[in-house]
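Here the structure comes first, spelled out in structure tokens, and everything after it is commentary.
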Amino acid sequence: MLLKQMNILLADDDTDDCMFFKEALKELYLPTDLTAVNDGEQLMQLLTNDTTELPHVIFLDLNMPRKNGFECLSEIKLNAKLNGIPVIIFSTSFEHETVNQLHKSGAMYYIRKPSQFSQFKSLIQQSLEFIAQAITEQPDRDNFVLKALDK
Amino acid sequence: MAKINKSVEDELIIARQELAFQKVEKGKRAAELGIANIELVFQDEEKEKRAAELIIANKEVVFQNKEKEDRAAELIIANKELLFQNKEKEMRAAELIIANKELLFQNKEKEMRAAELIIANKELVFQNKEKENRAAELIIANKELLFQNEEKEKRAAELSIANEELIFQNEEKEKRAAELIIANKELAFQNEEKEKRAAELIIANKELAFQNEEKEKRAAELSIANKELLAFTYVSSHDLQEPLRKIQTFCSIILENENENLTENGKYNFQRMQLAAGRMQQLIDDLLAFSRINTTELVFEKTDLNLIVEEVKTELKESIQDKHATIAATKLGFANIIAFQFRQLMYNLISNALKFSNPDKPTKIIIKSRIVKGSEINNNKLSSEKEYCHIMVKDNGIGFEPHFSERIFEVFQKLHSKEVYSGTGIGLAIVKKIVENHNGIIIATSELDKGATFDIYFPAN
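Protein chains in written order, with my numbering: chain A, 1 to 151; chain B, 1 to 461.
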């Protein structure tokens, strides 16, 4: 269980997935504050706007209009102010080479959007617990992809 | 030399005999002169006797006297004549003395010549010896020449044999040349035939080239159409994932949150819907994998096979644990492969082995690799001189009947109903496609309940 309020920033253009995410957080009873943006441009604007508080974690979809997840990740990692924020990739697709590339680019975890809501909840819980434990070191390639515990 | 000597000696003897004869002659004349002198003295005495008688008779014979005086005058003349003759004889004697001296001189000259001749003789003897020495040397030289001559004769004999050998070889060569000429004519004839055929082939070739171009055009068109189709498959499969996942998620939310509002039949139908959606997800995943194999660039790189197997083992960790499977793969070495495709290949083969494992015994998967010559494999698709990388994946699962060994690699071909073993029938088609991308072959060997072995051969370089 998380002890303190966690600010989560979700970048996903899919309203259903945003809804699933919100619903999952609600059902998990986690003290979180979720902000959702619908494309990469919005994400980067929000992050580089000095007035907003920086999130504890970013959930990043790959396939987004205007600016995709890959571009956002590399911009975040090149920005000294932002590169300490853990970025968790949250995508429908799952291709080995893509996953490898994202691991190299410095993403914290990779979550393949699951088909069961229970898995959805499980994966969000897992990832938030890792973040809450302040594990800031990137895991090795074998543990980069998070898998749902129950099936 | 001896002869010359002898003739000189003979001449000397004759000259000496002549000198002796002249001395005797001179002695005889001197004796005769003495006798003539005595005669003249006697005649003088006679004349005085007669003068006395005459004085007596003088008076008688004054006349006679006068006559006698006349005769005396005549005698004086005669005497004078004799004196003159005497003087002449003395002159001749003096001449003889001179001649004698001359002879003595000649004699001395002859003796000198004889001495010279002796010297000349000695010289000749010396020269003779020299000539004998030279003759001896010439004999030695002669012997040497004889020896050399014999050697030369031997060599000549040897050369003669060699010559005969060469003649024989020459004859053989001529025979062969004759055979070659015949063979040459045959070849020339064959050549002409070949040229005729070549001309025919050129025509046929042009026709084929034209057909080829047409085919290439069509192939290019087909290739473009194929790529478009594969791209379409990829994009559509990829985009199908999202709505399908939504259906599944909503379905699971309804089953979870609306459970108490659903009848048992409603719940069952939702579960069936979940299963159908699950199969569709698997199908889309497999189609995506299959189209990716055909659309991505083929980049070969030297890759550690052990690493690939380790990666696949990590990905299949849960399944391996569920089946209590052991995977024996050590020292697989490096191979020149398209790494991401080969990982997919290994993933499909190993997950296949896990899926079709025998429930009655722990699953054992053995993976081996080696380099092997094509000639050792006995497969007409492999060239016998080339070296191949042989990778074997063997399991102890349920296996299949031998006559299915080709069919299992065809797309959508399955041996079991989806109720017993889930699957799309694409996995092994992908495996075969990947092996073909590596210019290799894959052979499946199995018997029912006796496990399955997959042997992959692809060029090592």
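The beta carbon of each residue, even a glycine, is placed where N, CA and C say it ideally should be. This one's a predicted model, so the numbers in the text were calculated from it and none came from an experiment.
Requested in this report: May I ask you to list, following chain order, the residues of the stretch 86 to 98 of chain A that have a beta carbon less than 7 Å from some beta carbon of chain B?
Outcome: Thr92, Ser93, His96 and Glu97
Query raised in the report: In the stretch 315 to 397 of chain B, which residue ranges form an unbroken alpha helix (DSSP H) of at least 4 residues, counting only runs that do not cross its ends?
Result: Runs of the alpha helix (DSSP H) inside the stretch 315 to 397 of chain B: 317 to 323 and 339 to 355.
Query - the stretch 50 to 62 of chain A contacting the stretch 80 to 100 of chain A, beta-carbon criterion three pairs below 8 Å - result: yes
Query raised in the report: Among all the DSSP beta bridges, which residues are the ones paired with arginine 112 of chain A?
Result: A:Ser91
Query raised in the report: In chain B, which residues lie with their C-beta within 8 Å of the C-beta of serine 115 of chain A?
Result: Result: Leu244, Arg245, Gln248, Thr249, Ser252, Ala277, Gly278 and Gln281.
Query raised in the report: Counting pairs of Cβ atoms below 8 Å between the stretch 73 to 85 of chain A and the stretch 46 to 56 of chain A, do you hit three or more?
Result: yes
Query raised in the report: What residues in the stretch 292 to 323 of chain B bring their beta carbon closer than 7 Å to a beta carbon of chain A?
Result: Thr314
Query raised in the report: Whose C-beta lies closer than 8 Å to the C-beta of phenylalanine 42 of chain B among residues of the same chain, with five residues either side of it excluded?
Result: none
Query raised in the report: What residues in the stretch 116 to 140 of chain A have a beta carbon less than 9 Å from any beta carbon of chain B?
Result: Against chain B - using a Cβ distance shorter than 9 Å - the residues of the stretch 116 to 140 of chain A are Gln116, Phe117, Ser118, Gln119 and Phe120.
Query raised in the report: Between the C-alpha atoms of glutamine 125 of chain A and phenylalanine 454 of chain B, what's the straight-line distance to the nearest angstrom?
Result: 42 Å
Query raised in the report: According to DSSP, is alanine 191 of chain A helix, strand or coil?
Result: Outside the shown range of chain A, which is 1 to 151, sits residue 191 of chain A, and nothing can be said about it.
Query raised in the report: Is valine 57 of chain A helix, strand or coil when you go by DSSP?
Result: strand
Requested in this report: Report back the beta-carbon spacing between tyrosine 388 of chain B and valine 411 of chain B to the nearest angstrom; my notes put them in contact at under 8 Å.
Outcome: Contact flag wrong, Cβ pair sits at about 26 Å.
Query raised in the report: Going along chain A in order, which residues have a C-beta closer than 8 Å to the C-beta of arginine 272 of chain B?
Result: Simply none; closest approach about 15 Å.
**Report entry** Cutoff 8 Å: histidine 438 of chain B Cβ touching any chain A Cβ
**Finding:** no
Query raised in the report: Would glutamine 341 of chain B count as contacting chain A if we go by Cβ distances under 8 Å?
Result: Taking Cβ atoms only, chain A never reaches closer than 8 Å to glutamine 341 of chain B, which makes this a no.
Query raised in the report: Which whole-angstrom value is the C-beta distance of lysine 364 of chain B and glycine 374 of chain B, which I expect to be below 8 Å?
Result: That belief does not hold up - the Cβ atoms of lysine 364 of chain B and glycine 374 of chain B are roughly 30 Å apart, past 8 Å.
Requested in this report: In angstroms with no decimal places, state the Cα-to-Cα distance between alanine 429 of chain B and isoleucine 443 of chain B.
Outcome: C-alpha separation (whole angstroms): 13 Å.
**Report entry** Closest residue to leucine 75 of chain B among B:Asp44, B:Phe189 and B:Glu193 (Cα-Cα distance)
**Finding:** Among B:Asp44, B:Phe189 and B:Glu193, the Cα nearest to that of leucine 75 of chain B is on B:Asp44.
Query raised in the report: Using a C-beta to C-beta distance shorter than 8 Å, which residues of chain A count as neighbours of glutamate 256 of chain B?
Result: Phe117 and Ser118
Requested in this report: Step through the CB atoms of chain A and report whether any lies within less than 8 Å of the CB of histidine 238 of chain B.
Outcome: Any Cβ of chain A closer than 8 Å to the Cβ of histidine 238 of chain B would place that residue at the interface, and such an atom is present.
**Report entry** Neighbourhood of valine 299 of chain B by C-beta, 7 Å cutoff - its chain only, sequence neighbours within 5 removed
**Finding:** Ile338
Query raised in the report: Shortest alpha-carbon distance to lysine 331 of chain B belongs to which of B:Glu150, B:Glu111, B:Lys47 and B:Ile391?
Result: B:Ile391
Report task. Look at the Cβ atom of phenylalanine 342 of chain B, then the Cβ atom of isoleucine 308 of chain B, and state whether they are nearer than 8 Å. Result -> Cβ atoms of phenylalanine 342 of chain B and isoleucine 308 of chain B: closer than 8 Å.
Query raised in the report: What residues of chain B sit near aspartate 16 of chain A, judged by a beta carbon separation below 7 Å?
Result: Lys246
Query raised in the report: If we count the other Cβ atoms within 10 Å of its Cβ and call it buried at 16 or more, is threonine 92 of chain A buried or exposed?
Result: buried
Report task. Rounded to whole angstroms, what's the CA-CA distance from alanine 220 of chain B to methionine 280 of chain B? Just pull it up for me. Result -> 33 Å
Query raised in the report: Under 8 Å between C-beta atoms, does phenylalanine 70 of chain A make it to chain B?
Result: no
Query raised in the report: Taking 8 Å as the CB-CB cut-off, is aspartate 50 of chain A touching chain B?
Result: By this cut-off, aspartate 50 of chain A is not an interface position.
**Report entry** Endpoints, alpha helix (DSSP H) assigned at valine 99 of chain A
**Finding:** 96 to 105
Query raised in the report: Are any of the Cβ atoms in chain B nearer than 8 Å to that of phenylalanine 20 of chain A?
Result: yes
**Report entry** Neighbour list for glutamine 241 of chain B in chain A, Cβ cutoff strictly below 8 Å
**Finding:** Thr92 and Ser93
Query raised in the report: So, does the CB of aspartate 142 of chain A fall closer than 8 Å to a CB anywhere in chain B?
Result: yes
Query raised in the report: What are the boundary residues of the alpha helix (DSSP H) that phenylalanine 21 of chain A is part of?
Result: 15 to 28
Requested in this report: Can you give me the Cβ contacts of proline 114 of chain A inside the same chain, cut-off strictly under 6 Å, excluding the 5 residues immediately before and after it?
Outcome: Phe120 and Ala148
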